[in-house]
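A.B. asks:
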Amino acid sequence: MVVEITTRTMHAEPPAIAEAARILKAGGLVAFPTETVYGLGADATNGAAVARLYAAKGRPTFNPLIVHVADPTAAARLGKFDAWASALAAKFWPGPLTLVLPKADRCPVAQLSTAGLETIAVRVPDHPVAHALIEAGGRPLVAPSANRSGHVSPTSAAHVEADLSGRVDVILDAGPTRVGVESTIVACLSERPVLLRPGGIARSAIEQVVAGSLAALARADAPQAPGMLASHYAPSTRLRLNATTVETPEALLAFGPTLPPGAAYVVAVLNLSPAGDMIEAAANLFAHIRALDRSGARAIAVMPVPREGLGEAINDRLTRAAARR
Ligand code: TXA
Ligand code: MG
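Residue numbers for the sequence shown follow the numbering used here, beginning at 3 and rising by one.
#1: So for N2, helix, strand or coil by DSSP?
#2: If I measure Cβ to Cβ from R141 and keep anything under 6 angstroms in the same chain, skipping five residues before and after, which residues do I get?
#3: Which residues does DSSP list as the beta-bridge partners of E314?
#4: Go to F94, then tell me how far its alpha helix (DSSP H) extends in each direction, as first and last residue.
#5: When you compare only the Cα positions, how much space is there between D128 and L254?
#6: Please determine whether the Cβ atom of S158 lies at a distance below 7 angstroms from any heavy atom of the ligand HEM.
#7: Helix or strand or just coil, what does DSSP make of A14?
#8: Near G229, which residues of its chain fall below 7 angstroms by C-beta distance, leaving aside the five closest residues on each side in sequence?
#9: Is the number of C-beta pairs between the segment 88-103 and the segment 261-269 that are closer than 8 angstroms three or more?
#10: Would you identify the three-state DSSP class for K105, choosing helix, strand or coil?
#11: Between which two residues does the beta strand (DSSP E) containing H133 stretch?
#12: Counting C-beta neighbours from all protein chains within 10 Å, is the total for A117 16 or more, i.e. buried, or is it exposed?
#13: Could you check where the beta strand (DSSP E) with E252 kicks off and where it finishes?
#14: Find out if the Cβ-Cβ distance for the pair L166, A325 is shorter than 8 angstroms.
#15: Which of the three DSSP states is assigned to P74 in this structure?
#16: Please list, in chain order, all residues of the same chain as A227 whose beta carbon is under 8 angstroms from its beta carbon, the five residues on each side excluded.
#17: Distance, Cα to Cα, G278 vs T121?
#18: Please determine if the segment 16-23 and the segment 146-162 are in contact, where contact requires at least 3 C-beta pairs separated by less than 8 angstroms.
#19: From V32 to L26, what does the alpha carbon distance come to, in whole angstroms?
#20: Can you give the Cα-Cα distance for R22 and P195, rounded to whole angstroms?
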């Protein structure tokens, strides 16, 4: 259900980078090179842009994304660095290291970028084009690997074209990527850092910095599908799915123009998209659940959301959130 758009592949010269930055600021999608693999970039602070990115990738679920910034100072506005995180950043940034950190207090990143989590994955890529694009855009960029969901990560602009032509606005071509595998992901959320994903920086190099403190992933033998590595956002209020009625003391998470009987009397109502637009609904999903979770309602009644387009991912997350208790 993705609308075909015209994809322009441009050599990553300064005018093309400036044009790509304008497109990002307007909520568009730009594939760009990093030192690891090509990323599919969107403005991390724009929920609708991030929703369009998920639609372009064809992901059946919302995985949290890596937020790319130009330098460590910008990273410090997004996440809270403990001593290990600071040491790792000092040693490996810019470079193929992603740090998962507690979100900073006034983190400007959209809820959908982190799939509603209170943690954030941040990285400072070591590529002149990535750096120039982030600087020109003046905002952090979410960038998953620029492939269709389930396909391998792209290390050239031709790979990106093969997967995403007709789904993204611009592909910036700067030749093959240097590292060729994704960044190493390390979570710094408790006393001991945890290696979440092996990647461009070897475990031994990480271990040299954290001096024997690297904790093993609790389920190292579990399937290493990337999405499995991140825990899911779970509200503390119960969710009642596919609700066609609503009663006090429930809150209502609505979708579309027609609300169920009783909606006028409930604790709180938030509408994912009064017009029934899936991009808008995805952009609002986590922020609305969070707000209703704080409303004091006994349960959150959730209207049915069609499974078309991003509806599959929206339903996946609603089902997970509802299964929590
Ligand atoms: O090298 C790379 O990291 C490339 C380039 C483009 O930068 N990007 C990349 O992104 O590989 P992606 O979306 O394919 O992988 C992101 C990974 C996923 O496994 C996701 O679960 C994990 O990062 N992740 C993101 N935020 C997280 C969080 N808050 N907690 C745990 N894991 C997180
Ligand atoms: Mg990927």
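By construction, the Cβ of each residue, glycine as well, lies at the ideal position given by its N, Cα and C atoms.
C.D. replies: In this structure, then:
#1: The question about residue 2 has no answer, for the chain in this structure spans 3 to 327.
#2: D45 and T47
#3: DSSP, once it has assigned bridges, lists no residue as partnering E314.
#4: A85 to F94
#5: About 45 angstroms.
#6: Only the ligand TXA and the ligand MG can be found as ligands here, which leaves the ligand HEM out of the picture.
#7: coil
#8: Only weak support is given to the placement of G229: the predicted model assigns it a pLDDT of 42, under 50, and the value that follows is read from those uncertain coordinates. Once the five neighbours on either side are set aside, the close Cβ partners of G229 are T63 and N65.
#9: no
#10: strand
#11: Here H133 belongs to no beta strand (DSSP E); instead the alpha helix (DSSP H) covers P130 to G139.
#12: In the assembly as shown, A117 is a buried residue. Its beta-carbon has 16 or more other beta-carbons within 10 Å.
#13: E252 to A256
#14: At least 8 angstroms separates the beta-carbon of L166 from that of A325.
#15: helix
#16: Bear in mind that a pLDDT of 43 at A227, under 50, signals an unreliable position, so the number given afterwards is only what the model happens to contain. So no residue of the chain qualifies.
#17: Their Cα atoms are separated by approximately 30 angstroms.
#18: no
#19: 7 angstroms
#20: Looking at the sequence itself, residue 22 is Ala, so the reference to Arg does not match. Whole-angstrom Cα-Cα distance: 36 angstroms.
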